[in-house]
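Peer 1: Just so we're aligned: the first sequence equals residues 35 to 514 in our numbering.
Would you mind keeping the following structure in view while I ask a few things?
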Amino acid sequence: MVKVRFSPAPTGSLHIGGARTALFNWLYARHHAADGGVFVLRIEDTDVARSREEWVVGIQDTLRWLGLDWDEGPYLQSERFDLYLDAAARLLAQGDAYECYCTEDEVKERNDAAVAAGRPPGYDGKCRGLTADERDALAAEGRPRTIRFRTPDEGLSSFTDLIRGEVRVEWSLIHDFVIVRSTGQPIFFLANAVDDLDMGITHVIRGEDLIDSTHRVLALRHALVGGSEVADDPKFAHLPLIVDAESRAKLSKRHGAVALEDFVTAGYLPEALTNYLALLGWAPADDGHEVMSASELVAEFDLDRVTHAAAGFDRDKLDWLNGEWIRRISLDDLVARVLLMAQTRFGADIDVEVVAQAVAIAQERAATLVQIVDQMAFLFVDDDEFAIADESWEKVVGTDRIAEILTAVIEHVESCDWTVDALALQPVTEALGIKFRKAAPAVYAAIEGFHRGLPLFDSMELLGRDRTLARLRAAKQRLG
RNA sequence: GCCCCCAUCGUCUAGUGGCCUAGGACGCCGCCCUUUCAAGGCGGUAACGGGGAUUCGAACUCCCCUGGGGGCACCA
């Protein structure tokens, strides 16, 4: 039996790290389809103040875009508060939890004092031994009340991580923690423990940043179950974190895109993203083949090949993989994906046939969808709005004998029969004694607006003779 | 400060005591192809953090150091 869950907090859009966690869960579930292989989506929105409906929706959209379909859910923890509060009441009755009347500020103050005195921070257990009368008195003062879980004072907490092996820590280092806020809302640890139990989760696959919280969740689970039914504990697998390849620091906006949505708009394919993300912290047994489809990944994925060290996110390799995937999907498929972007950018009325032809040429050379759209832009810009990019114009002006070249090319295009053969410009510049490779950037820029882009023949054909001529003349005129 | 985790080319990684004069991929460099640039083909550069120990033999096992990361909330 295999049942996993991806449980994001809807406090922002799905980012690279979350997507990788979701992917590994999904891969694991699908790989173990024969054993049930259920993938659950659970939204952990217990922090009502920070959670937002739009993120709940956005995360699902992104998961769908990635092709990660779930079998159960989405469950919203905000709709299951009763369950958690019942559990808290039981823990209270069992004596595994107690009511705490310390305010947030007081706890913080005592914490700071402890640190200043060289003692470790953490709740000091002040309210642990409160009598019923003392509690009533504190409540009568109108003090806020939280519920804290009572952790053992000594001994060792340990669990076996599928990736890291035995993980142990001293209980004395884990202080009593809040499981129900003063607002009456449950906290992550509680909801997490209750739900994993209730939903019968068998494997918890998540980021390494959560490894230390595992002890607390497990203690809660055991208290809830009554005794330590360790045999029924889910198996844990903590994935290495994804960091910025350059700085080795946690991935953040400073290092470029981190939200999956940004990669969508930047023109990456879900096939490439899942492929790349899978390779971050995992490698197939035969690491000679890296371009892998989702189904290949599913077939080969397993937790025992997950690496241990933090993985650096390398945009260059993603770009390469994306190009590989652009070349692998069918032309029709690629056209469909590019069309939407192109229409948004150039207008809904653009000629689909022209788009299709441009895509066909770009497919074998581009790295991203945006690059493809960029490269066809010259076809959809009105001639009176067409302008050569500054960067390219500088190159043009810097070209030797540029006026001569443009003049010769214009004359040639005017007099040729506008057939593929007649479009050959190489002899034109060579008649001037100039190698075409020297003259090329200027001609490209004049016609495509950029000194790098689609092949010249095709571009001229797609543009048509009149517009080609108009642009060449405009470039010559701009030279003065 | 305390606790935990981690450590092979710039990056992702293969490697589980001899097959390693350490393999692949991205990047980078060079060449080829070429109506610019790309794409593609071919080739090259480049790593076991340091010190002990175990062993006939260590990238692989153990210890220490160093370095990096994570955690210690009424966030998740």
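Idealized CB from N, CA, C, for every residue including glycine.
Predicted model only: the values in this text are computed from it and were never measured.
Taking only runs of the alpha helix (DSSP H) that begin and end inside the stretch 172 to 236, which ones reach a length of at least 4 residues, in chain order?
Peer 2: The stretch 172 to 236 contains these whole alpha helix (DSSP H) runs: 222 to 233.
Peer 1: Which whole-angstrom value describes the C-beta separation of Arg76 and Pro108, a residue pair presumed to lie in contact below a C-beta threshold of 8 Å?
Peer 2: Arg76 to Pro108, Cβ: 7 Å. Contact.
Peer 1: Rounded to a whole number of angstroms, what is the C-alpha to C-alpha distance between Arg512 and Ile436?
Peer 2: For Arg512 and Ile436, the distance between alpha carbons rounds to 12 Å.
Peer 1: Taking the continuous alpha helix (DSSP H) assigned at Val332, which residues delimit it?
Peer 2: From DSSP, the alpha helix (DSSP H) with Val332 extends over 328 to 334.
Peer 1: Three-state secondary structure (DSSP) at Asp170?
Peer 2: Helix.
Peer 1: Distance check for Ala293 and Arg114, CA to CA, integer angstroms please.
Peer 2: For Arg114 and Ala293, the distance between alpha carbons rounds to 28 Å.
Peer 1: Identify which residue in Glu438, Leu303, Glu188, Glu78 has its Cα closest to the Cα of Leu403.
Peer 2: Comparing Cα positions, the closest option is Leu303.
Peer 1: For Gly346, which of helix, strand or coil comes out of DSSP?
Peer 2: Gly346 falls in the strand class under three-state DSSP.
Peer 1: Okay, do the stretch 438 to 450 and the stretch 464 to 472 touch, 3+ Cβ pairs below 8 Å being the bar?
Peer 2: As far as the Cβ criterion goes, the stretch 438 to 450 touches the stretch 464 to 472, which means the pair count is three or higher.
Peer 1: How about the stretch 44 to 52 and the stretch 80 to 87: do they share at least three Cβ pairs that are nearer than 8 Å?
Peer 2: Output reads yes: the stretch 80 to 87 touches the stretch 44 to 52.
Peer 1: How about the stretch 190 to 202 and the stretch 91 to 105: do they share at least three Cβ pairs that are nearer than 8 Å?
Peer 2: No, they do not touch.
Peer 1: Taking Cβ positions, are Leu496 and Val443 nearer each other than 8 Å?
Peer 2: No, the Cβ-Cβ distance between Leu496 and Val443 is not below 8 Å.
Peer 1: Using a Cβ-Cβ cutoff of less than 8 Å, which residues in the same chain neighbour Asp353 once the five nearest sequence positions on both sides are dropped?
Peer 2: Taken in chain order, the residues that qualify are Ala401, Thr402.
Peer 1: Using a 10 Å radius around the Cβ and a threshold of 16 neighbouring Cβ atoms, would you call Ala376 buried or exposed?
Peer 2: Buried, since its Cβ has 16 or more Cβ neighbours within 10 Å.
Peer 1: Among Asp336, His342, Leu307, whose alpha-carbon lies nearest the alpha-carbon of Val325?
Peer 2: For the residues Asp336, His342, Leu307, the minimum Cα distance to Val325 belongs to Leu307.
Peer 1: Can you have a look at His323 and say buried or exposed, based on whether 16 or more other CB atoms are within 10 angstroms of its CB?
Peer 2: Per the 10 Å Cβ criterion, exposed.
Peer 1: Should His49 go down as buried or exposed, given a rule of 16 or more other Cβ atoms within 10 Å for buried?
Peer 2: Counting Cβ neighbours within 10 Å, His49 comes out buried, since at least 16 surround it.
Peer 1: Could you give the distance in angstroms between the alpha-carbon of Asp170 and the alpha-carbon of Ile239?
Peer 2: Roughly 43 Å between the two C-alpha positions.
Peer 1: Check the DSSP bridge columns for Gly241 and list the partner residues they point to.
Peer 2: Paired residue(s): Leu273.
Peer 1: Starting from Lys510, trace the alpha helix (DSSP H) in both directions and tell me its first and last residue.
Peer 2: Run containing Lys510: 499 to 513, per the alpha helix (DSSP H) assignment.
Peer 1: Per DSSP, which residues does Arg76 bridge with? Please list them.
Peer 2: Arg76 pairs with Tyr109.
Peer 1: Can you tell me whether Phe58 is buried or exposed, with buried defined as 16 or more other CB within 10 angstroms of its CB?
Peer 2: Flag for Phe58 reads buried.
Peer 1: Report the rounded CA-to-CA distance for Gln460 versus Leu503, giving the unit in angstroms.
Peer 2: Going from the Cα of Gln460 to the Cα of Leu503 covers about 17 Å.
Peer 1: Between Lys429 and the rest of its own chain, which residues show a CB-CB distance below 8 Å, the 5 nearest in sequence each way excluded?
Peer 2: Pro475, Ala476, Ala479, His485, listed in sequence order.
Peer 1: How many Å lie between Ala148 and Trp205 at the Cα?
Peer 2: For Ala148 and Trp205, the distance between alpha carbons rounds to 18 Å.
Peer 1: Classify Tyr132 as helix, strand or coil using the three-state DSSP reduction.
Peer 2: Here Tyr132 sits in strand by DSSP.
Peer 1: Please work out which residues of its chain come closer than 6 Å, Cβ to Cβ, to Met410, disregarding the five sequence neighbours upstream and downstream, and give them in chain order.
Peer 2: Closer than 6 Å at the Cβ level, and outside the excluded window around Met410, lie Ala392.
Peer 1: To the nearest angstrom, report how far apart Leu355 and Asp210 are at their CA atoms.
Peer 2: In a straight line, the C-alpha of Leu355 is about 47 Å away from that of Asp210.
Peer 1: Between the C-alpha atoms of Asp81 and Ala394, what's the straight-line distance to the nearest angstrom?
Peer 2: Going by the C-alpha atoms only, they are around 49 Å apart.
Peer 1: Per DSSP, what kind of secondary structure is Asp492 in: helix, strand or coil?
Peer 2: The answer is helix: DSSP assigns Asp492 an H, G or I state.
Peer 1: Helix, strand or coil: which one does DSSP assign to Trp99?
Peer 2: Three-state result, Trp99: helix.
Peer 1: Pair every Cβ in the stretch 329 to 342 with every Cβ in the stretch 135 to 142, then say whether three or more of these pairs are closer than 8 Å.
Peer 2: Segments in contact, no.
Peer 1: Considering only their Cβ atoms, is the gap separating Ile197 from His272 smaller than 8 Å?
Peer 2: Going by C-beta atoms, His272 is nearer than 8 Å to Ile197.
Peer 1: Quick check on this structure: which residue in Phe380, Phe40, Thr55 has the alpha carbon closest to the alpha carbon of Pro31?
Peer 2: This structure cannot settle anything about residue 31, because the visible part of the chain is limited to 35 through 514.
Peer 1: Among Lys160, Arg144, Cys161, whose alpha-carbon lies nearest the alpha-carbon of Tyr153?
Peer 2: Residue identity differs from the one stated: residue 153 is Arg in this sequence, not Tyr. Cα-wise, what sits closest to Arg153 is Arg144.
Peer 1: Hey, Leu61 and Ala312 are a contact pair by Cβ (cut 8 Å); roughly how many whole angstroms apart?
Peer 2: Right, the Cβ-Cβ distance comes to about 7 Å (below 8 Å), so this counts as a contact.
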